[in-house]
Amino acid sequence: MIIPRYYEDLDFLHEHTMPPRAYYIPASHRMEDLVEHREASDRVQMLNGMWKFRYFESIYDVRDAFYESGYDTSDFDEIPVPGVWQMAGYDTHQYTNFRYPFPFDPPYVPQDIPCGAYVHTFSYAKDEKAPKVYLNFEGVDSCFYVWVNGTYTGYSQVSHATSEFDVTDVIEEGENTIAVLVLKWCDGSYLEDQDKFRMSGIFRDVYLLKRPEKAVQDYRITTEITEACAKITLDISYYQETPVTVSVEDAAGTVAAQTEISKAGTVTLEIANPELWNTEHPYLYTLILQSADETIVDAIALRTVAIQNRVLYFNGQAIKLRGVNRHDSDPVTGFTVDVAKIKKDLTLMKEHNFNAIRSSHYPNAPYFYQMCDRYGFLVCDEADIEAHGPFMLYRKEDTDYNRFKKWNEKIADDPAWESAILDRVKRMVARDKNRFCIIFWSMGNESAYGCNFEKALAWTKKYDPSRITQYESARYRNYDVTYDYSNLDLYSRMYPALSEIEEYLEKDGSKPFLLVEYCHSMGNGPGDLEDYFQIIQKDARMCGGFVWEWCDHAVAHGLAENGKTKYYYGGDHGETIHDGNFCMDGLVYPDRTPHTGLLEYKNVYRPVRVVSYDEKTGRLVLHNYMDFDDISDYTDILYEVTVDGLCVQKGVLDEVSIAPHSDGVMTLKLDIPQSGKVYLKLRYQLKKELSLLPAKHELGFDEVLLANADGRNQTAVKWLAEAEEKNEISVSETDTEITLKASDFTYAISKRTGLFTKLQYAGRDYLNHPMELNIWRAPTDNDMYIRAKWENAHFHEAYTRAYKVETIQNQYGVIVMSHVGVVAPTVQKILDVELVWKVESSGRITASMEVSKDAEFPELPRFGVRVFFNKNLSEASYYGMGPQESYRDKHRAASHGLYRSAVKDLHEDYIMPQENGSHFDCDYVELYNGRYGIAAVSETPFSFQASNYTQEMLAQAKHNYELEESDSTVLCIDYALNGIGSNSCGPEVLAAYRFDEKEFQFGFTLVPYVKG
């Protein structure tokens, strides 16, 4: 073996690396925007680009000293740096959530470790004023050995930490060669068991820093703030001491304070009447450290963070975190995420009302935090630690209790891991200590608790008492041992039921409650955002939380024949150990197209909400949910009044001052029409341009149903009105079928099911297949646990059988009365249904049903009628909640209106196909093609789904690009659907949203038509 076995030695973490320090980018003179354009610095030499590369399936296959000067790499491939080699076609992709992809045998890893040999040639010109040269790697997975010009330079691990090497003595004027050997696994991989694809390589930037011999090595910024004054203290260390002018400028460029320092130590500057930073107004001061041969420009955000009386305060204001968990993830570049991609994410987050980010589950690139300073996000910075795998070890007593109790034995509570765990925490804190957006230090994720985390927390709290500590996994420990939690500031939980939150607040409540992960956003979901919002707002000890998670993780494999991107998830690359599509759990698709769950989040967390509206007096009460801005400074409020979806009044409300977290009263007098379904809609628009948002950006809306004499939808009333013209209907029967004929139609009803098998109107056949009673849906990701109950009850195999079908005819039409059951193999009858069809001579059909469910069965996925219409009925118009999909617990982003759409556009194209595209609280829906169509309408609001796919197709397909359209336009007219929830990793659907009725009635009317 050509390298020493540092990679299996817990006591050997780094060799020849520089001490961890704060991140900054120096230049020879003052340069302003090195946050997003650091490559512009004349003291930075980026080494990114195409590097020579050879992949080895085993470390034992690396026999040649490829790092030696003059080694012939002509037969090497080329690979982009930064990048991961799996995305370049080497090795194989693997996604696991919490299982180690190798045997648990620390510190040992598989003997045949895949590895990559990188070689890169570059030119270097010595700067006489900056002769020192430091080689920086900002991210390498998992460990690496470095040589410069054939000389061994060092070794390092911790994938998401910066490793810096002094290469002054080995770098040469002119051409130089850097060689790196990267190993896929090392002992550190036991601490990097995060829920993500496992990818390898030099995935973040590589660069040289040219520094003077006499220069600042590190500095730490701390602040003390009162209303009248801010004291800024810098603790500065040097490579060699030199005089440094320290200046602080305000946002206008005016010098607010200045001093000098020439020896290692501290210096304090004072700023009178300081402007404080917050997420709504991210005001930054500029820090300039200027020495004879170098200038460092940084930013300072003046803010305070504190816990008082178990409440989280920021700048003296109790705040709520509107946060999201974010991984580095891109479907094409994997872990490699540049400034533009980060800015795209931050922009989308601002657009959808987020104010906080958790860097799950490792430190992000250092400029990410500078961008959060700049654009106004609070950050929970998390150490590169997740040891989830020990939870999954084989246990003779395989219970959750025993797994949780023993989880900490092998790593968290084993002193052998102390150095490795503290190293990761210290490197995070050292690098990011000057980023004021960071208010929480997180010790890592899902690794259980023990002596090593006690020490990590104690060190962190001693080093930086100004910030708050967080570690959710502290609750998993040996229950027979008493541990020290004195340095842990928050009580953090993942995915608790609302009842668990209430219990903690009632019985304990000793620390602020942080939802470090909640509302698992997998597939169609989450459905419980509003419910968590309400409990967060109800108690000041609730400091908010971070939704799981930002983006779907997937690997793009080009386009399918139908033009859709082929996104692969766990198992799609042939790996045997994987966790399927559990990585597809984000608020945005891999390409950052928003899920409907993101739209839901945006409006749940709108900045303003209607508290009440008295339509008689016009008294409108609003609440400002902003933490810092008065509504008059932030939001314009537009209003519109609609009747049955048509706007009849609109305007802009007078400006009103409402302080943060306060109510305000204004007057809005309206002329309310006396018939029709009338809604007042308030739209909240951004008043001013922000760095990532334009003025007039939509921030959210409220709608209020207004009372009037006749609140029925008048279009629905017309559809429901009986035709005045009475024509004769002929009735004929066989043993299996009833046929109804009139001048305009021929209908047929099966005596075997009591349901229609033919609908021919005006010479056109409307049905492709027989009608069905429907209790099934293509399971959503959030149905993954209830699905087992449903399938055990054989709901997916249910069908309708008739026991009795009778007809009655009079001058008004024909009534077909049926007693039917919904049954399935091996189980008792699921539903007993009294079904009545009333067919009028005009062709109009009215259904009424009385339904009784056997109480032994669980809640139903849905109940309704499924109709397979001719595919030519390809356009839809409806009045209900839209335009995006909406469900009984997931409809806050939708509003009542009149919407039109092609049927194909009603489909929400989840990468794992599942139930989608339903619309809640509808009065009617029409399907049509030109002059021909059919309407479904009801006196009682219902849900509908119109799709080119059947639920069986959706349930069978594993990827959206596999879907092929059916031969029908499938219309589901639903009495109800079970709620969506977030049970893929969260609590069960709340009782209020479960479709668990034992008896109910349902009715609707079908009206076929030909216009004009």
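If you count by this note's numbering, then the sequence shown holds residues 28 to 1039, one letter each, in order. No residue lacks a Cβ here, since even glycine has one placed at the ideal position from N, Cα and C. Since we're looking at a predicted model, the values are computed, not measured.
Pull up the distance between the alpha-carbon of residue i and that of residue j, whole angstroms please.
i	j	result
Tyr1036	Val758	22 Å
Glu533	Arg568	11 Å
His415	Arg126	7 Å
Tyr135	Ala188	22 Å
Glu912	Tyr522	24 Å
Glu642	Leu695	8 Å
Tyr706	His946	18 Å
Ile658	Leu647	15 Å
Ile259	Arg462	14 Å
Pro464	Asn382	Note that residue 464 corresponds to Cys in the displayed sequence, not to Pro. Spanning the two alpha carbons is a distance of roughly 11 Å.
Pro301	Lys460	21 Å
Trp803	Tyr976	14 Å
Pro393	Ser548	27 Å
Asn754	Phe783	21 Å
Val108	Ser186	15 Å
Phe540	Arg636	24 Å
Thr123	Tyr265	44 Å
Lys347	Ile412	26 Å
Thr967	His923	15 Å
Ile1000	Gly870	19 Å
Report yes if the C-beta distance between residue i and residue j is below 8 Å; otherwise report no.
i	j	result
Asn801	Val892	yes
Thr363	Ser183	no
Gln712	Leu726	yes
Ser169	Glu202	no
Gly292	Ile263	yes
Tyr234	Gln72	yes
Ala583	Tyr594	yes
Ile857	Ala825	yes
Tyr1002	Phe890	yes
Val894	Leu981	no
Phe18	His120	Outside the modelled stretch of the chain, which goes from 28 to 1039, sits residue 18, for which no answer is possible.
Trp112	Gly280	no
Ala962	Val863	no
Ile448	Phe480	yes
Met876	Gln978	no
Val598	Gly585	The displayed chain sequence assigns Gly, not Val, to residue 598. No, the Cβ-Cβ distance between Gly598 and Gly585 is not below 8 Å.
Phe93	Ala206	yes
I'd like the list of long-range same chain contacts for residue i, defined as Cβ closer than 8 Å, with 5 residues on each side in sequence excluded.
i	result
Tyr853	Before going further, note that residue 853 is Thr rather than Tyr in the sequence given. Once the five neighbours on either side are set aside, the close Cβ partners of Thr853 are His821.
Quick one: what's got a C-beta closer than 6 Å to residue i's C-beta in the same chain, skipping five residues either side?
i	result
Thr807	Gly550, Asn551, Gln941, Glu942
Pro53	Arg70, Glu321, Ile323
Tyr172	Ile30, Tyr182, Leu208
Tyr1020	Arg915, Asp916, Gly1006
Phe22	Residue 22 falls outside the range modelled here, since the chain spans only 28 to 1039, and no answer is possible.
Ser386	Asp408, Glu409
Lys880	Leu858, Lys1025
Val952	Tyr905, Ala963, Phe971
Go to residue i, then tell me how far its alpha helix (DSSP H) extends in each direction, as first and last residue.
i	result
Phe131	No alpha helix (DSSP H) holds Phe131; DSSP gives it neither H nor E.
Glu445	445–459
Gln397	393–402
Asn630	623–631
Trp575	Run containing Trp575: none; DSSP gives neither H nor E here.
Val744	741–747
Leu37	Careful: Leu37 lies outside any alpha helix (DSSP H) and carries neither H nor E.
Trp174	Taken as a continuous stretch (DSSP letters only), Trp174 belongs to no alpha helix (DSSP H), being part of the beta strand (DSSP E) at 170–175.
Tyr559	556–565
Asp372	366–378
Thr669	Note, Thr669: premise wrong, no alpha helix (DSSP H); beta strand (DSSP E) at 662–670.
Terminal residues of the continuous beta strand (DSSP E) containing residue i?
i	result
Lys1038	No beta strand (DSSP E) contains Lys1038, which DSSP labels as neither H nor E.
Leu732	725–733
Does the beta carbon of residue i sit closer than 8 Å to a beta carbon anywhere in chain B?
i	result
Gly572	As a matter of chain content, chain B is missing from the structure shown, which is built from one protein chain.
Any chance you could list the beta strand (DSSP E) runs of at least 3 consecutive residues sitting entirely within the region 859–921, in chain order?
872–880, 889–897, 902–909
Enumerate, from N- to C-terminal direction, the unbroken alpha helix (DSSP H) stretches of 4 or more residues contained entirely within the region 804–854.
813–819
Within the region 933–988, note down every full alpha helix (DSSP H) run reaching 4 residues or more, in order along the chain.
978–983
Report the residue ranges of all beta strand (DSSP E) runs contained in full by the region 678–730; include only those spanning at least 3 residues, in chain order.
690–694, 705–713
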